[in-house]
Amino acid sequence: MDYRLELIPLPVTDVDRAKAFYADRLGFGVDLDFSPNEAFRVVQLTPPGSACSIVIGVGVVGTPPGSVQGLHLVVDDIRAARAELAGRGVEVAEVADMSAPGKSTVSYAAFTDPDGNGWTLQQLPRL
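Numbering (my numbering), first residue to last: 1 to 127.
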């Protein structure tokens with residue numbers, strides 16, 4: 001049996017502001033923006049090259065904005081990815097390299113969306 005994680009709901013305060021951040025600053029593709037009424041709106045966005053999307057909106061999730069932490073975007077070249085996002089106006093922390101003696105290095109660089117939901121760029125060792 002396969003189990004695929006394909007959609008992560010993110011709580012936000014302002015859907016249009018969050019949509020602009022994810023689409024314009026992070027470069028996520030907008031897959032869907034649907035609102036049949038004022039009580040419900042769903043916006044689905046997908047990172048380039050990812051099989052997993054995020055969803056923001058109104059009436060989508062009841063958790064507080066900014067409460068989702070630790071989402072990882074895995075990249076092949078963290079320094080290039082960080083520079084690209086910083087060039088788009090995203091405040092990304094400096095790259096931190098972590099390793100144990102005799103082990104491969106894993107690199108991280110953290111950032112948040114406008115509501116404080118926490119993200120991390122991660123570069124895994126090449127095998």
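Even glycine gets a Cβ: it sits at the ideal position worked out from N, Cα and C.
Cα-Cα separation between residue i and residue j, rounded to whole angstroms
i: Lys19; j: Gly102; result: 42 Å
i: Gly66; j: Ser104; result: 32 Å
i: Ala93; j: Leu26; result: 15 Å
i: Ala100; j: Val30; result: 39 Å
i: Val42; j: Val90; result: 24 Å
i: Val12; j: Glu84; result: 24 Å
Per-residue DSSP class, three states only, for residue i
i: Phe111; result: strand
i: Phe34; result: strand
i: Val15; result: helix
i: Arg25; result: helix
Start and end residues, beta strand (DSSP E) containing residue i
i: Gly173; result: Only positions 1 to 127 of the chain appear in this structure, which leaves residue 173 out of reach.
i: Val42; result: 40 to 46
- Meets three-Cβ-pair contact criterion under 8 Å: the stretch 4 to 14 and the stretch 48 to 56: yes
- Sequence ranges, alpha helix (DSSP H) only - wholly within the stretch 69 to 113, length at least 4: 78 to 87
- Item | Stretch pair the stretch 65 to 80 + the stretch 112 to 122: three plus CB contacts closer than 8 Å | yes
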